[in-house]
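Residue numbers (full-length UniProt numbering), protein chains in the order written: chain A, 1 to 248; chain B, 1 to 248; chain C, 1 to 248; chain D, 1 to 248; chain E, 1 to 248; chain F, 1 to 248.
Below is one structure; the comments refer to it alone.
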């Protein structure tokens with residue numbers, strides 16, 4: 001099985017971090033194909049960059065998805081997720097989408113550790129958009145930008161641990177989700193210091209992508225995730241235009 | 001006052017239709033500045049085109065908003081709305097966002113007339129995203145594409161009237177919202193045939209944009225709608241890149 | 001355009017305060033017609049007074065609405081709002097109803113500053129009644145009665161600023177609504193000290209009333225806001241009885 | 001024990017109907033004291049009449065509650081309920097409030113039979129206001145005014161039975177609530193023709209009022225149901241003014 | 001009238017405590033028949049014990065309900081409640097189910113005092129399961145096990161009072177529910193020290209059971225609470241097997 | 001990896017059906033260990049049998065889980081799920097829990113096909129209990145008992161297909177979940193006749209169980225899913241008693 005790991009941020013180092021975590025989780029026989037957006041934000045950290053990232057993500061996957069059995073949208077804000085689910089006949093999952101579904105499956109309500117409070121507001125919208133808003137026990141912010149976390153993973157581990165423990169002890173979260181592409185690999189660093197399960201998106205996305213691919217579900221022929229048919233577009237990435245040309 | 005009416009679809013004819021409806025509603029002294037996306041979808045009708053439209057909208061407004069006192073994102077799917085609210089220091093409203101807020105202000109729950117059932121699913125997500133999901137009495141589809149409605153407004157009036165009456169009589173909607181940029185001007189055609197108020201987005205957006213501009217609210221300095229500061233991006237529209245360069 | 005500004009409290013001084021704020025916001029050509037309840041509570045501050053105020057409001061507007069293009073129910077608890085929407089063929093908005101819709105249109109969740117915790121409970125019910133309960137980030141109380149705030153607006157500004165900042169910084173509100181008729185004009189005093197938009201009801205109600213009036217929506221002929229027809233009532237204010245007599 | 005049965009409608013015949021049903025349900029030793037509003041609507045059937053009824057109800061109970069151990073607000077729209085709960089140190093329940101709590105206690109979601117669709121919209125708001133909106137399986141209207149139902153109880157029984165059965169069979173309601181003061185005594189007429197429990201407000205209110213009175217709960221000293229203290233009001237019913245004078 | 005008070009915990013002392021509280025509340029002529037589970041947990045305090053308790057409760061009631069007019073499932077976690085509602089033709093209520101309905105009937109949102117935070121998570125699920133999740137103002141834990149509270153009721157009274165006051169003063173709860181079978185009789189100890197009504201489950205269950213029994217509602221013939229008909233089971237308590245044998 | 005497939009119903013034939021479907025889905029190297037309840041209901045089809053099944057499930061898994069890396073509670077009503085999650089240090093998933101999470105991951109709202117309307121009410125409670133109530137587009141019943149479906153899978157396929165298509169075409173479900181242990185293997189029979197993805201619980205549970213096991217999440221030490229510690233129980237299955245004896 002081949003899984004496309006598509007990073008809508010342009011930072012290759014983060015792609016590498018996530019690819020390593022993905023390979024560590026993947027089943028024997030699963031190949032991870034990491035790709036990075038060709039344009040857009042280095043590290044998406046604002047609503048404006050989210051829109052750019054959605055488009056960069058859609059174009060990237062349009063170009064790279066051939067021959068893949070599943071796709072992981074590899075960013076905390078699940079850039080372009082629903083559009084990519086529509087575009088492809090294979091399973092597509094996002095980091096935050098995957099992590100919160102995995103958390104919900106451990107039972108009980110879950111909490112989120114986010115980089116900044118700005119991110120927290122966006123994450124709440126996302127969790128509600130996936131229908132799991134009632135399961136959100138709390139959101140704690142590290143008080144720094146995603147870029148800053150990426151720049152100092154070891155130092156960040158302490159702050160992340162503190163936030164995770166607060167979620168468990170004060171907000172009654174029965175599991176904790178670390179939000180962010182840069183959190184790939186972080187649970188292993190801190191799991192022994194947090195009294196509830198700690199989950200991050202890359203590993204959750206890998207196992208869910210593999211699992212959904214094995215279910216072999218059909219591509220919808222009806223509804224908002226069915227192929228769009230032949231649409232009229234101009235001035236967009238050629239790979240994307242090809243996918244709006246009426247075939248499958 | 002000058003209001004930017006930004007159409008994220010590339011169809012100039014729809015921009016003209018909306019500009020006419022906007023001018024018919026605008027207060028004396030309000031200038032409507034209609035602009036049309038330079039690339040993207042002719043008529044957004046799929047999740048994939050929504051992502052393209054978000055980006056085309058953000059770039060368009062980045063380029064054209066100078067000197068404007070308010071901005072209307074002139075499409076049913078409010079392309080790039082939240083990112084544009086973040087980008088600018090002036091009020092920004094979308095067609096659907098405006099129409100449903102106006103409907104809610106008439107009192108009672110409201111229903112939506114949409115072009116296709118595919119659109120209905122997306123609209124439900126949008127209404128829930130704006131926090132008004134509990135006020136949605138029902139959604140009725142015309143069973144055609146937005147492009148088809150645009151191509152035959154007179155013939156569509158009958159189907160729209162039927163759907164609106166069903167929402168009022170069967171779903172107990174106390175007002176009806178016609179979803180779609182192409183619905184600009186439609187309420188006047190059918191108001192006498194529907195027993196409850198009929199609202200569409202362009203006129204609602206104009207009065208709300210004018211009104212919010214007169215409130216003179218400050219630009220947030222905190223939160224997810226505060227300016228993003230200096231962000232690192234590559235390969236994006238220059239007007240948009242300029243706005244991610246750290247100034248305001 | 002003429003807008004009726006109907007104060008269901010009997011305190012003329014508050015009516016004057018609100019009328020001044022309304023005129024400062026109104027468009028050129030809009031006349032504000034302030035009226036004050038002829039009986040009832042000086043300053044509504046309990047559930048019992050809310051019921052009295054609803055009735056006083058309905059009677060007041062029944063008497064004074066002739067020739068008006070829109071009506072503002074000028075109290076924080078939007079006295080008799082839904083009944084007045086039913087009674088008249090023109091737009092009717094309340095202070096809190098208007099303020100929270102304006103807040104929601106700036107994007108993001110909003111917080112409320114209220115006078116007492118007692119008011120907070122009632123406000124939560126109202127926000128939920130308007131369908132925007134999921135957008136409420138928090139409620140902070142000043143710890144005093146509405147009368148006390150009215151008696152010392154300058155001193156209250158400090159406490160209001162503190163509460164507003166807490167809502168923004170701790171509760172992640174992306175805008176703040178100051179609840180209370182007496183808050184008219186307050187945002188201008190404190191806007192530079194609060195990092196997010198500050199909104200109050202009178203100015204929001206004026207722009208929304210003007211805007212809705214310009215939409216020219218029809219009066220419902222069906223549903224709970226349609227005219228009541230000829231109803232049998234005794235012992236009520238004559239102006240109100242006239243409106244329950246079967247005409248329009 | 002003495003229970004005040006306060007009818008905010010002025011129709012004595014409905015008071016008598018409800019008093020008979022109340023006495024048939026009351027425990028030995030419970031005295032029912034029926035009273036009827038001295039002014040207001042004959043049969044509340046519009047939002048305007050609801051406001052009049054709230055005030056008439058509050059004044060009526062202010063005058064008549066002395067020496068009573070509990071109060072039933074005897075109308076479908078629970079006129080003035082929360083204000084009366086604040087006003088008195090004894091339990092106060094409404095017809096619809098009681099019926100839906102009883103229904104919820106039988107287990108499963110419940111449906112409502114209402115007189116007109118206009119009433120249905122108001123009832124939905126009320127059920128949501130009591131926090132039980134998620135338990136509402138459906139609402140079916142008889143298509144007539146409350147007055148018409150009162151005028152022909154025998155004929156209405158057939159229509160009511162049909163609506164109740166539809167709620168059970170199509171909307172999966174596991175119990176049915178008949179909304180309306182005039183439904184007192186109706187369940188006995190139709191219970192054998194409906195496959196799920198049928199509940200109406202007067203009998204539910206009697207048993208809940210008796211039960212809550214026996215719990216002997218304290219009067220709140222804090223919160224929105226605590227006594228209002230000394231308030232300044234003018235031109236209101238003297239009994240009501242007395243209760244806003246600072247005692248109890 | 002005879003009410004079965006069925007304790008799904010095996011601790012006779014708690015049954016006796018609850019029986020005393022039940023008798024103190026019961027109407028003249030109501031006989032309380034206390035019974036204790038024959039197997040299972042001494043004091044249910046984990047999800048595992050909840051499942052055991054559900055089964056022990058169902059078997060206990062199957063055996064003991066004959067000749068009873070109502071049943072109280074006498075534990076905080078309402079063991080087997082819905083199954084027992086299905087099993088019997090008489091009203092069945094649980095402690096927590098009863099207490100929160102009584103609290104909601106006093107008006108306003110309510111708070112819960114629970115023994116441990118572990119219990120708090122379970123209680124939130126239960127309140128949401130009954131449809132009253134939106135009425136939950138807060139949950140405060142005593143930080144001890146239910147067994148510990150039972151072992152020191154006098155000492156616990158102080159901690160319970162503190163938690164109750166915090167719910168009223170900080171979380172704006174307008175009434176407080178003490179969760180736990182061991183709280184029977186506790187409100188009387190602390191009512192004068194808490195500014196809002198304090199409610200516990202045994203007394204609430206008694207008055208609700210009596211009241212519902214007097215309504216004489218029919219046994220459902222349709223829906224998930226209708227009798228199961230003849231089912232095939234093996235190896236279960238004989239009294240329970242008899243009730244799954246096709247008769248009523 | 002070894003996965004315990006625990007059937008809380010006593011019907012071995014259903015266990016075999018599910019084991020075959022599980023093996024068809026499982027990854028190479030995954031061993032499925034099917035076990036069947038030693039007592040209880042043949043086919044759980046009532047709330048009473050649900051309680052019996054919860055207990056039978058808990059006892060069964062207590063006895064059989066040793067050496068397993070994950071557990072599937074193999075019944076539509078996820079018997080004892082939360083208690084088993086608490087009991088074990090490995091992932092535990094239920095059929096319906098798994099199916100609805102998989103459905104939600106395909107994007108869009110989902111619909112349920114259930115055997116009887118009685119089941120539908122219970123399923124709605126379950127979906128809401130997992131936090132995904134807002135994602136439920138509709139529920140359609142086959143109008144027969146789970147036993148009947150099991151007795152005629154081929155004939156049932158037509159009715160299931162009809163219900164699935166109605167969910168997609170009328171209720172706008174973007175995927176369909178077939179509820180019931182007996183639905184194992186059914187999607188393959190009908191996938192080509194339904195225009196949206198069709199999902200059932202056994203295959204979804206297998207891939208989710210495998211995936212969660214690979215994440216290697218820690219066992220909670222805090223919260224309602226942490227081990228219960230030493231609890232006092234009598235008269236329960238010895239394997240279950242051993243697990244309540246204080247060891248992890």
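Think of the CB as a built atom: it goes at the ideal place given N, C-alpha and C, for glycine as much as any other residue.
Between the beta-carbon of residue i and the beta-carbon of residue j, is there less than 9 Å?
i                     : j                     : result
residue 203 (chain C) : residue 36 (chain C)  : no
residue 47 (chain E)  : residue 122 (chain E) : yes
residue 45 (chain A)  : residue 115 (chain A) : yes
residue 183 (chain C) : residue 113 (chain C) : yes
residue 223 (chain F) : residue 124 (chain E) : no
residue 218 (chain D) : residue 197 (chain E) : yes
residue 92 (chain F)  : residue 69 (chain F)  : no
residue 67 (chain F)  : residue 129 (chain E) : no
residue 59 (chain D)  : residue 111 (chain D) : no
residue 159 (chain D) : residue 143 (chain D) : yes
residue 156 (chain E) : residue 168 (chain E) : no
residue 180 (chain F) : residue 200 (chain F) : yes
residue 135 (chain D) : residue 246 (chain E) : no
Could you give the C-beta distance for residue i and residue j, rounded to a whole number, given that I count them as a contact under 8 Å?
i                     : j                     : result
residue 39 (chain B)  : residue 234 (chain A) : 6 Å
residue 175 (chain D) : residue 226 (chain D) : The pair is not a contact, with the Cβ atoms about 34 Å apart (cut-off 8 Å).
residue 6 (chain C)   : residue 72 (chain C)  : 7 Å
residue 41 (chain A)  : residue 232 (chain B) : 7 Å
residue 65 (chain D)  : residue 4 (chain D)   : 6 Å
What are the partner residues of residue i, as DSSP defines its beta bridges?
i                     : result
residue 234 (chain E) : F:40
residue 175 (chain F) : F:110
residue 139 (chain E) : E:112
residue 35 (chain E)  : E:6
residue 152 (chain C) : Partner(s): none; residue 152 (chain C) has no beta bridge.
residue 245 (chain D) : D:230
Could you tell me if the beta carbon of residue i falls within a distance shorter than 8 Å of some heavy atom in the ligand NAD?
i                     : result
residue 203 (chain C) : Among the components of this structure there are no ligands whatsoever, and the ligand NAD is therefore not found.
Checklist entry - Any chance the stretch 85 to 104 of chain F sits against the stretch 25 to 40 of chain F, with 3 or more Cβ pairs inside 8 Å? => result No, the stretch 85 to 104 of chain F is not in contact with the stretch 25 to 40 of chain F.
Checklist entry - Considering only residues of the stretch 51 to 104 of chain A, which uninterrupted beta strand (DSSP E) runs meet the minimum length of 3 residues and lie entirely inside it, listed in chain order? => result Along the length of the stretch 51 to 104 of chain A, whole beta strand (DSSP E) runs at least 3 residues long occupy 70 to 73 and 92 to 94, reported in chain order.
Item to check | Stretch pair the stretch 184 to 199 of chain E + the stretch 60 to 80 of chain D: three plus CB contacts closer than 8 Å | outcome: No, the stretch 184 to 199 of chain E is not in contact with the stretch 60 to 80 of chain D.
Checklist entry - Which full runs of the alpha helix (DSSP H) of 4+ residues lie inside the stretch 190 to 232 of chain B, going along the chain? => result Restricted to the stretch 190 to 232 of chain B, the alpha helix (DSSP H) segments that are unbroken, complete and at least 4 residues in length are 201 to 215, listed in chain order.
Checklist entry - Are three or more beta carbon pairs between the stretch 237 to 244 of chain C and the stretch 194 to 213 of chain C nearer than 8 Å? => result Judged by pairs of C-beta atoms under 8 Å, the stretch 237 to 244 of chain C does not touch the stretch 194 to 213 of chain C, as fewer than three such pairs exist.
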